[in-house]
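**Student:**
2 protein chains.
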Amino acid sequence: MAAQALSERDLAFMLYELFDAESLTKRPRYADHSRETFDAAIETGKTVAVKHFLPIRQQVDTNEPTFDGERVHLLPEIKPAVDAVIEAGLAAPETDFEDGGMQLPLIVTNAVQAHLWAAASTTFGYISLTNANANLIEAHGSPEQVEKWVKPMREGRFMGTMAMTEPGAGSGLADLTTTATREEDGSYRITGNKIFISGGDHELSDNIVHLVLARVKGAPKGVKGISLFIVPKFLVNEDGSNGERNDVALAGLFHKMGGRGHTSTALSFGEKGGAVGYLVGEENRGLMYMFHMMNEARIMVGTGAALTALTGYQYSLDYARERPQGRLLANKDPESAPINIVEHPDVRRMLLTQKAYAEGAYALCLYGSQLADDEKTAETEAERAHAHTLLDFLTPIIKSWPSEYGPQANSLAIQVMGGHGYINEHPVEMFYRDNRLNPIHEGTTGIQSLDLLGRKVPMNKFAGYRAVLAEMQQTIEQARDSELSLFAGDLQAALEELQQTTSAVLGATAEKNPDLVFSNSVSYLEMFGHVVIAWIWLRQGLAADAGLQRNPHAEDEHFYRGKLQAMQYFFRSELPKIYHWSKLVKEIDSTSFDMRPEWF
Amino acid sequence: MAAQALSERDLAFMLYELFDAESLTKRPRYADHSRETFDAAIETGKTVAVKHFLPIRQQVDTNEPTFDGERVHLLPEIKPAVDAVIEAGLAAPETDFEDGGMQLPLIVTNAVQAHLWAAASTTFGYISLTNANANLIEAHGSPEQVEKWVKPMREGRFMGTMAMTEPGAGSGLADLTTTATREEDGSYRITGNKIFISGGDHELSDNIVHLVLARVKGAPKGVKGISLFIVPKFLVNEDGSNGERNDVALAGLFHKMGGRGHTSTALSFGEKGGAVGYLVGEENRGLMYMFHMMNEARIMVGTGAALTALTGYQYSLDYARERPQGRLLANKDPESAPINIVEHPDVRRMLLTQKAYAEGAYALCLYGSQLADDEKTAETEAERAHAHTLLDFLTPIIKSWPSEYGPQANSLAIQVMGGHGYINEHPVEMFYRDNRLNPIHEGTTGIQSLDLLGRKVPMNKFAGYRAVLAEMQQTIEQARDSELSLFAGDLQAALEELQQTTSAVLGATAEKNPDLVFSNSVSYLEMFGHVVIAWIWLRQGLAADAGLQRNPHAEDEHFYRGKLQAMQYFFRSELPKIYHWSKLVKEIDSTSFDMRPEWF
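Sequence order for the protein chains is A and B. Okay, so the first sequence: first residue is 1 according to full-length UniProt numbering, each after it adds one. Okay, so the second sequence: first residue is 1 according to full-length UniProt numbering, each after it adds one.
1. In whole angstroms, give me the CA-to-CA distance for A:Asp333 and B:Glu511.
2. Report the start-end ranges of each alpha helix (DSSP H) in the stretch 147-181 of chain B that is 4 residues or longer and not cut off at the edges.
3. So B:Gly360 packs on B:Ile536, CB below 8 Å; how close in whole Å?
4. Exposed or buried, which one is A:Ser34 when buried takes at least 16 other CB atoms within 10 Å?
5. Check A:Asn513 in the structure and name its three-state DSSP category.
6. Where do the ends of the beta strand (DSSP E) carrying B:Val301 lie?
7. Between B:Leu279 and the rest of its own chain, which residues show a CB-CB distance below 7 Å, the 5 nearest in sequence each way excluded?
8. Does the distance from the CB of A:Tyr362 to the CB of A:Phe19 come in under 8 Å?
9. With distances taken Cα to Cα, identify the nearest neighbour of A:Lys26 among A:Phe234, A:Asn207, A:Asp373 and A:Gln314.
10. I'd like to know if A:Trp599 contacts chain B, where contact means its C-beta is closer than 8 Å to some C-beta of that chain.
11. Determine whether the beta carbon atoms of A:Gly125 and A:Gly192 lie at a separation below 8 Å.
12. Look at the Cβ atom of B:Leu453, then the Cβ atom of B:Tyr569, and state whether they are nearer than 8 Å.
13. What are the start and end residues of the alpha helix (DSSP H) that includes A:Arg35?
14. Give the DSSP-derived three-state secondary structure of B:Ala114 in the structure shown.
15. With distances taken between CB atoms, is the gap from A:Val531 to A:Leu495 smaller than 8 Å?
16. Can you find at least 3 beta carbon pairs, one from the stretch 418-427 of chain A and one from the stretch 375-387 of chain A, that sit closer than 8 Å?
17. With a 10 Å radius around its C-beta and 16 neighbouring C-beta atoms as the bar for buried, classify A:Gly270 as buried or exposed.
18. What does a CB cutoff of less than 8 Å around residue 619 of chain A pick up in its chain, not counting 5 residues either side in sequence?
19. DSSP state of A:Ile197, grouped into three classes?
20. Going by the beta-carbon positions, is the gap between A:Val212 and A:Ile190 smaller than 8 Å?
21. Using a beta-carbon distance cut-off of less than 7 Å, what residues from the stretch 416-430 of chain A approach chain B?
22. Is the separation between the beta-carbon of B:Leu74 and that of B:Ala119 shorter than 8 Å?
23. Going straight from the alpha carbon of A:Pro514 to that of A:Asn520, what length do you get?
24. Taking C-beta to C-beta, are B:Gly304 and B:Asn438 nearer than 8 Å?
25. What does DSSP give as the partner residue(s) for A:Tyr278 in the beta ladder?
26. For A:Asn435 and chain B, any beta-carbon pair shorter than 8 Å?
27. Residues of chain A with a CB under 8 Å from the CB of B:Leu584: which are they?
28. With 16 other CB atoms within 10 Å as the buried threshold, where does A:His140 fall?
29. Less than 8 Å between the CB atoms is what I'm expecting for B:Thr44 and B:Ala88, so what's the real figure, rounded?
30. Using 8 Å as the threshold, is the C-beta distance between B:Leu329 and B:Glu343 below it?
31. Quick one: what does DSSP say A:Lys256 is sitting in, helix, strand or coil?
32. What does the alpha-carbon distance come out to for the pair B:Leu506 and A:Ala306?
33. Given this structure, state the Cα-to-Cα distance separating B:Gly156 from B:Val150, to the nearest angstrom.
34. Suppose only complete runs of 4+ residues qualify. What are the alpha helix (DSSP H) ranges in the stretch 413-498 of chain B, listed by chain order?
35. Could you check the C-alpha separation between B:Asn131 and B:Arg154 for me, to the nearest Å?
36. For B:Asn207, list the residues DSSP reports as bridge partners.
Now the structure itself:
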């Protein structure tokens, strides 16, 4: 079966009909672009994915990286594939023409890289993390640091990592113990251990730029005493060539359930006296800088989760269309031919669920990219600030919703295919394993939920919260007098429930223990996420409805009807779940809080 | 960390406080037994599990079986471990003393084998499938067949399989094409291909007894033309010794995501002219016989899923108790020591959810074993018939509820452990992979849902349905005047909703297309399953409440409080979900049914 990895029709729908990416060409930065140049870039992304990554997808998974005590060994086919991405200009197509980029909007960049994410799964992480690393240094580093580290990363000669987690601290960054000592020449010596560092060692690039969180001796305890350092694998000479090996050693590789395209490493800094590190910005402000990268990484995680869900959906759909088995209940004639399983209502349910989850999740991620574009290039300062506010607020949802529902979609891809989905003859079991990392890294779902309810909602006098609600309200108004008025009503009711719940839970913080009040924060995140996805689906429904008004040809008509049916599915089978979650949150259900460790 | 695989306190609670297994010793068959003999057998199970299986658990997973074109190679440590089970008499401890068994009740057998399931995960499948195979032949085979095949299986010299699935038919048994031709000597020659045959080849036993579904030439189409055959790997001589190799060839092994302790095979029957097969019972009644084994296998699947969930819960709990990280929100002092993560309310939520799922699921499976005991040894014919009715009705729920919620529990075990849960240093990622098979094999969740709603509910004038409801009602009456009256009220309301939903959906079959009416059958199964588990939890709550009345020592008091808290968790965070499912079912929501293949 030659399944396509993604639906191009759907990608075009989201880009041009849902988010009107073409209108970005009116902005000065994108004036040289047109739908044709956007599509050409997307086509290039697809070509590289199909030629270099799809053929090795299974091998990457079955040939886990190994460490011989000296060097890491990856499947040899990975390097030429990664090089092909870089050579085609797909590693950072959003960067300026003058820096060798394509100067594409971020929403288009997302679509250009979609085929790569879908086909290369986690291997693409080398490239996306490098970008996020370069963006951080560009934003917070000195001009010399940009020249020395960002430039070779943009050119694909260096790669980058984010080194936060430590064996003793995990998500509790306040307790990290890696230390930095200032030397006379202004550099620092870094000593400590980091774990779960993705891409922390390999030979895909000439050098690896680690961004390391560490504590300068004498710094305050907690997160206010954390600084950020550039710590390269190899020191770099004046002329840009590699100097001696820095005091950064690979302590080991982790054997992960999935995501085997991307090494996960334990790194030792300073076993021989101290790794040379260069301070980014000022001391003790490291965590703030790191959030620049982390926010970007969180959106990347959501995008990867959504695309893994989408490609699993596509694969199981193609399978269901070609696999004959069984008959409808209404047909009692054993002499009749078996039907393809896509005809069975329960298989359709599993496909519709995947469609609703995956297309809802990916549309949300593209919306995030659109906001990131507006943040940078919208016409007025007010529009740019508004986009920033929306994106900042939505980040925990963009990170966690696809991460939670992507694996569920992949589980249904397995289920559609039955025993065939459980074996590695087909890639859906790999998608299921790969996607399971996403609710964990870059801040677990629990951490995202506290970020949303405890921080993002009340922040700046509820500015982000109100802004997101206003956006949703606007779509409701638009849908109220359309064919979709029933759905507009459902979303309106959901919005009211969300507001009541928010008031109730935050109101309770005045009088109750915060650990009790926030103990249902994941239910709050679930609720908010479902409302946002329902809103995204209503927007997709409106765009599909508009498409139908244009008397499309048969194939397009089918496509639009499918969108409307998936929207209906989400509204009937998913959105009502929020009332259950809201009850727990509103009533400050204390079951988890009251449970004592000794009772387990 | 030396985590125990299962909680012995909980096992004792379920056996003796919840299901009063000790009372079985009053029945003549178990008169030689006592709680002491039961506990000794359980202790033996644990000893073998700890000594032989826990140490090789990870190796079994990372050393997948291989096939060199001639022979299957398993990890060598598997055979001595399996032999240890057989030598300790743990393979079929329920069989008669005179056949070398321990003549234990099935509910005790389940507990005896629990440690083995939890530690040996899927390796234990060789033994349990052999048992189910032997039980089928014992029930439906001739005395000669019992002597020739069952005896060596009981002794552990032979093992057994169930060979149903074919490449072209999958779950659609009506279309299976394996053929059988009758020979003059009364035996048959079998020709065809089977896939996904668990334990279909290995060298753990002297011989392998395949139970093969095939179609005798000229038989009717569909399921009414299927017969059942014993097809051994080696023919057996008059004296019981192995004769020549039968015409059964291993065509290949499947590479499964999990469950690697148990080979999954493609088998070719009759490549050299026809495999010798022996008819079980009469021609064309094969599927009915196979259901004897399949029903047993379905309960086994549920049990395995529940125990994999339980052991994952236990593992993540032990981890959470020992892993310091972060502080409570109420504590703003970075100088204070980090707390163990079990103190964080969201971690408690994830542990409570696992506890509610896993202990609920396993208690249901033990209840199934209790019914199987009653079916055989209850005092009166009426009691035995009643137990049969209940068990037959509940089988799709016992199969599917643990299979659906077990993997969700295992996902939470990963989440509790964060990045450490995603790597193979700890077994929870393996549990997650292993458990994912359970919603697929022995009838997918979709098939179970149609069996429940389309067959089991209306069967015999709703006899099973009414019987199960009456059992639940009885518990409600018992709880109504207790401390647990609020929960009794919730369950009463749920029962009424279930009845209304059942009437509405079955009423609709009179006028609507059955494929539409049954298109929400999985939601019906979800609903019924949740009501049954809530009932099982109310029973656990009553038993815990009774325990508290006895003024227990501190450790027991904690245990009972934990049970009550998990019950409360299930009633507040899970049971209310049924109202969402019931709405879809009652209203015959047509979203999935209406979705057309070309719209995807």
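Backbone N, C-alpha and C define an ideal beta-carbon position, used for all residues, glycine too.
**Tutor:** The relevant details are as follows:
1. Mapped onto the first sequence, residue 333 of chain A falls at position 333. Mapped onto the second sequence, residue 511 of chain B falls at position 511. Distance between the alpha carbons of A:Asp333 and B:Glu511: 21 Å.
2. 151-154
3. If you number the second sequence from 1, residue 360 of chain B lands on position 360. If you number the second sequence from 1, residue 536 of chain B lands on position 536. Contact holds; Cβ gap of about 6 Å.
4. Taking the first sequence and counting its residues from 1, the one referred to as residue 34 of chain A is at position 34. With fewer than 16 other Cβ atoms within 10 Å, it is exposed.
5. One-based indexing of the first sequence puts residue 513 of chain A at position 513. A:Asn513 falls in the coil class under three-state DSSP.
6. Taking the second sequence and counting its residues from 1, one reaches residue 301 of chain B at position 301. Counting along the chain, B:Val301 falls outside any beta strand (DSSP E), though it belongs to the alpha helix (DSSP H) covering Gly286 to Glu322.
7. As a working mapping, residue 279 of chain B is identified with position 279 in the second sequence. Only Tyr188, Ser227 and Phe229 meet the Cβ criterion.
8. Looking up residue 362 of chain A in the first sequence gives position 362. Looking up residue 19 of chain A in the first sequence gives position 19. No, these two residues do not count as a Cβ contact at 8 Å.
9. As a first step, residue 26 of chain A must be located in the first sequence, where it is residue number 26. Residue A:Asp373 is the option with its Cα nearest to A:Lys26.
10. By one-based count along the first sequence, residue 599 of chain A stands at place 599. Yes - at least one Cβ of chain B is within 8 Å of the one on A:Trp599.
11. Counting from one through the first sequence, the residue named residue 125 of chain A turns up at place 125. Counting from one through the first sequence, the residue named residue 192 of chain A turns up at place 192. Against a cut-off of 8 Å, the Cβ pair of A:Gly192 and A:Gly125 comes out as no contact.
12. Against the second sequence, residue 453 of chain B aligns to sequence position 453. Against the second sequence, residue 569 of chain B aligns to sequence position 569. Going by C-beta atoms, B:Leu453 is not nearer than 8 Å to B:Tyr569.
13. Against the first sequence, residue 35 of chain A aligns to sequence position 35. Here the alpha helix (DSSP H) through A:Arg35 covers Arg35 to Val48.
14. Here the question's residue 114 of chain B lines up with position 114 in the second sequence. Taken through DSSP and simplified to helix, strand or coil, B:Ala114 comes out as helix.
15. Position 531 of the first sequence, counted from the first residue, corresponds to residue 531 of chain A. Position 495 of the first sequence, counted from the first residue, corresponds to residue 495 of chain A. In contact: A:Val531 and A:Leu495 (Cβ atoms closer than 8 Å).
16. no
17. The residue labelled residue 270 of chain A in the question sits at position 270 within the first sequence. Buried is the call here.
18. Given a span of 1 to 600 for chain A in the structure shown, any question on residue 619 of chain A remains unanswerable.
19. One-based indexing of the first sequence puts residue 197 of chain A at position 197. In the structure shown, A:Ile197 sits in a strand (DSSP, three-state: E or B).
20. As a working note, residue 212 of chain A is residue 212 in the first sequence. As a working note, residue 190 of chain A is residue 190 in the first sequence. Yes, these two residues count as a Cβ contact at 8 Å.
21. Gly418, Gly419, Tyr422, Ile423, Asn424 and Glu429
22. Mapped onto the second sequence, residue 74 of chain B falls at position 74. Mapped onto the second sequence, residue 119 of chain B falls at position 119. No, these two residues do not count as a Cβ contact at 8 Å.
23. In the first sequence, the residue the question calls residue 514 of chain A occupies position 514. In the first sequence, the residue the question calls residue 520 of chain A occupies position 520. Using only the alpha carbons, I get a separation of about 11 Å.
24. Along the second sequence, read from residue 1 onward, the residue named residue 304 of chain B stands at position 304. Along the second sequence, read from residue 1 onward, the residue named residue 438 of chain B stands at position 438. Yes, they are a contact pair.
25. Here residue 278 of chain A corresponds to residue number 278 of the first sequence, with the count starting at 1. In the DSSP output, where bridge partners are listed per residue, A:Tyr278 has A:Ile230.
26. In the first sequence, counting from the first residue as 1, residue 435 of chain A sits at position 435. Taking Cβ atoms only, chain B never reaches closer than 8 Å to A:Asn435, which makes this a no.
27. Indexing the second sequence from 1 puts residue 584 of chain B at position 584. What B:Leu584 touches in chain A: Arg572 and Ser573.
28. For the purposes of this step, residue 140 of chain A is taken as residue 140 along the first sequence, with counting starting at 1. It counts as buried.
29. Within the second sequence, residue 44 of chain B is the residue found at index 44, counting from 1. Within the second sequence, residue 88 of chain B is the residue found at index 88, counting from 1. Right, their Cβ atoms sit about 6 Å apart.
30. Start at 1 with the first residue of the second sequence, and residue 329 of chain B comes out as number 329. Start at 1 with the first residue of the second sequence, and residue 343 of chain B comes out as number 343. It is not a contact, given that the beta carbons lie outside the stated cut-off.
31. Here the question's residue 256 of chain A lines up with position 256 in the first sequence. Here A:Lys256 sits in strand by DSSP.
32. On the second sequence, position 506 is the one that residue 506 of chain B refers to. On the first sequence, position 306 is the one that residue 306 of chain A refers to. Cα to Cα, B:Leu506 sits roughly 38 Å from A:Ala306.
33. In the second sequence, the residue the question calls residue 156 of chain B occupies position 156. In the second sequence, the residue the question calls residue 150 of chain B occupies position 150. Distance between the alpha carbons of B:Gly156 and B:Val150: 10 Å.
34. 428-435, 445-450 and 459-480
35. Translated into the one-based positions of the second sequence, residue 131 of chain B becomes position 131. Translated into the one-based positions of the second sequence, residue 154 of chain B becomes position 154. Each residue's alpha carbon lies about 7 Å from the other.
36. Start at 1 with the first residue of the second sequence, and residue 207 of chain B comes out as number 207. DSSP lists B:Phe158 as partners of B:Asn207.
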